[in-house]
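Asks: Before anything else, here's the structure in question.
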Amino acid sequence: MIKWNDYDKTDHEYIYKHKTNGTYAVILNLYDKIYNKRLKKRKVNLKTIKEAQNFIAEERVKFQQQDSQPKKSGLFKDVFASYIKECELQQRIGKLAESTVEGKKTIFKNQILPKLGNVKISEITEEHIYKFHDDLKSMACVREKNKNLSNQTLIKVHKQLSAFLNYCVKKKLITHNPAGVVGNYKKIKKKPEFLTYNEAMKLLSVVDNIRDLFIIQLLFFTGLRISELLGLSIDSIITTEKGTSLNITETYYNGKIRPFAKTDESMDDLYLDDKTVEMYKTFLEYRKAHNITSRYLFANNRGKCEVIGSRAIQDMVKKYVKRAGIEKNITPHKFRHSHAALLIYMGKTLEDIKTRLRHSDIRTTSNEYGHMYEERKINLANELTSLRTQLEEKQEKNGTPTGTPTDKMV
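In structure tokens form, the structure reads like this:
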């Protein structure tokens, strides 16, 4: 029997030192509120502090993983429960974003578990995946019941299913990933819809609210993401001798503000044009007149969240697009495409657009907007034709060779 009176507490949590022989003991008591688990472990005769710390670290890992180990005979839905617990552990230590984990939960709840949840994980085959693909194509969108899932959503769902089955392979529940054998849906490339400059001006002309006017101007002339727009505060807009810029350090997601940007590149300074700065000053007067004291630019007077929600922005844009008589399906995110199209029209390169939109990889910029340069290529060819015609006419007047083949040359 261990006599704990023979030990003194050290500066290290859970570690005690024997008063006479100098060995160490560990008394480990852990409780996980999320999973409602307890762990009590004791070990004596450890020779060094390092040995005691290693023992604690090993027990912590076992403790965290003990409920996330799937049963080999389990159903798909039971193994998924273990999988999502492991994802939540990864989130807690910072290896997965909260939005990533929440996205997985949503996709499995709405699309995958209703179709595959009761299949035994050890019996899942390529036939299940083919059948699932067919069912998914006819599945209704959660938000718009009269519409089927988009091609982009189909691809996203398959990726999540494949990631889960890779986890099952890693846990040796199945020998291979059948979703990997079947392959993903073929991506259908669509030209992103956007507003031209004239259409944007037409839209702005029908806006009758200062706040809404400022929001639409910001979206069109900066290419901000909606999550970034709603996370803006008074402190986000900084004026120096270089100009006025946005410093994005907070973002909106799922009804709350997060204290970080989407990527490191997202935090790069985003400079505003003078007209938008003037609109910002007008908006500050609007806030003052309406006694808005929140540090966030687009404050919410109702509900739990400090700012207005993304759905409110969607409804607002939809209202003004309809009022302006614009026959395009313009959403808040399509202002980002519109800003990119405006930059291309101004003659900016893909590198310029990558910097302005704060993409982390220029391949993202190229995949999204590369096709928009097609018109520029055609215009460039036409400009060359016009230039050559002018030069040849000038040379003919001067009686110099034009560089065009003549009968003699032929």
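If you read the sequence shown in the working numbering, its first letter stands for residue 1213, the second for the next number, and so on.
We treat Cβ as the ideally placed atom computed from N, Cα and C, and that holds for glycine.
Everything numeric in this text was worked out from a predicted model, so none of it was measured.
If we count Cβ pairs, one from each stretch, closer than 8 Å, do we get three or more for the segment 1408–1428 versus the segment 1359–1376?
Replies: Too few Cβ pairs lie closer than 8 Å, so no.
Asks: On the DSSP bridge list, what partners appear for HIS1230?
Replies: TYR1219
Asks: Under the three-state reduction of DSSP, which class applies to GLY1559: helix, strand or coil?
Replies: In this structure, GLY1559 counts as coil in the three-state DSSP scheme.
Asks: Three-state secondary structure (DSSP) at ILE1246?
Replies: Annotation note: pLDDT 45 at ILE1246 (below 50); position unreliable, coordinate value reported separately. Coil at ILE1246, not helix or strand.
Asks: Are the Cβ atoms of ILE1324 and GLN1372 separated by less than 9 Å?
Replies: yes
Asks: Using only alpha-carbon positions, find the residue among CYS1380, ILE1427, GLU1338, LYS1274 that is nearest to ALA1293.
Replies: CYS1380
Asks: From CYS1517 to ALA1473, what distance separates their C-alpha atoms?
Replies: A direct Cα-to-Cα measurement between CYS1517 and ALA1473 gives close to 18 Å.
Asks: ILE1324 by DSSP, collapsed to three states: which one?
Replies: helix
Asks: Just to confirm, are GLY1385 and SER1445 a CB contact at a threshold of 9 Å?
Replies: Gly is not the amino acid found at residue 1385; the sequence shown has Leu there. Contact flag unset, no.
Asks: DSSP beta-bridge partners for ARG1470?
Replies: THR1463
Asks: Using the rule of at least 16 other Cβ atoms within 10 Å of the residue's Cβ for burial, across every protein chain shown, is LYS1454 buried or exposed?
Replies: exposed
Asks: Less than 6 Å between C-beta atoms, sequence neighbours within five positions excluded: which residues of the same chain meet that for VAL1354?
Replies: ASN1322
Asks: Going by other Cβ atoms of all chains shown within 10 Å of its Cβ, with 16 needed for buried, is GLU1539 buried or exposed?
Replies: exposed
Asks: Output needed for ASP1485: all residues of its chain with C-beta closer than 8 Å, excluding positions within five of it in sequence on either side, in chain order.
Replies: PHE1433
Asks: For GLY1435, which of helix, strand or coil comes out of DSSP?
Replies: Note: GLY1435 maps to coil in three-state DSSP.
Asks: Distance, Cα to Cα, PHE1547 vs GLU1405?
Replies: 9 Å
Asks: For a test of the three-state rule: what should DSSP assign to ALA1309, helix, strand or coil?
Replies: coil
Asks: For GLU1316, collect the residues of the same chain with a Cβ closer than 7 Å to its Cβ; drop the 5 residues on either side in sequence, then sort them by chain order.
Replies: This sequence places Lys at residue 1316; Glu is not what is there. ILE1296, CYS1299, GLN1372, listed in sequence order.
Asks: Look up THR1452 in the DSSP assignment and say whether it is helix, strand or coil.
Replies: strand
Asks: Check LYS1259 in the structure and name its three-state DSSP category.
Replies: Three-state DSSP puts LYS1259 in coil, outside helix and strand.
Asks: Check whether the Cβ atoms of GLY1443 and ARG1470 sit closer than 9 Å, and answer yes or no.
Replies: yes
Asks: For ASN1503, which three-state DSSP category applies?
Replies: coil
Asks: May I have the straight-line CA-CA distance separating LYS1399 from SER1362, to the nearest angstrom?
Replies: 10 Å
Asks: Tell me which same chain residues have a C-beta within less than 6 Å of the C-beta of ALA1552, skipping the five on either side of it?
Replies: These residues qualify, in order along the chain: ILE1565, TYR1581.
Asks: Pick helix, strand or coil for TYR1397, following the three-state DSSP scheme.
Replies: coil
Asks: Go ahead and pull the three-state DSSP assignment for VAL1354.
Replies: coil
Asks: Applying the criterion that 16 or more other CB atoms from any shown protein chain within 10 Å of the CB defines a buried residue, is ARG1437 buried or exposed?
Replies: buried
Asks: Output the distance between the C-alpha atoms of SER1448 and GLU1563, rounded to the nearest integer angstrom.
Replies: 25 Å
Asks: Quick check: the Cα distance between VAL1394 and LEU1258, rounded to an integer number of angstroms?
Replies: 53 Å
Asks: Within 8 Å, do at least three Cβ pairs link the segment 1499–1516 to the segment 1594–1609?
Replies: Cβ pair count under 8 Å is below three, so no.
Asks: Between THR1463 and SER1478, is the Cβ-Cβ spacing less than 9 Å?
Replies: Result yes, Cβ atoms of THR1463 and SER1478 sit closer than 9 Å.
Asks: Just to confirm before moving on: does the CB-CB distance between LEU1308 and ARG1272 stay below 9 Å?
Replies: No; because the gap between Cβ atoms is not below 9 Å, this pair is not in contact.
Asks: Could you compute how far the alpha carbon of ASP1481 sits from the alpha carbon of TYR1236?
Replies: 53 Å
Asks: Is the beta carbon of ILE1341 closer than 9 Å to that of ALA1412?
Replies: no
Asks: ALA1352: buried (16+ other C-beta within 10 angstroms of its C-beta) or exposed?
Replies: exposed
Asks: Among all the DSSP beta bridges, which residues are the ones paired with ALA1511?
Replies: VAL1519
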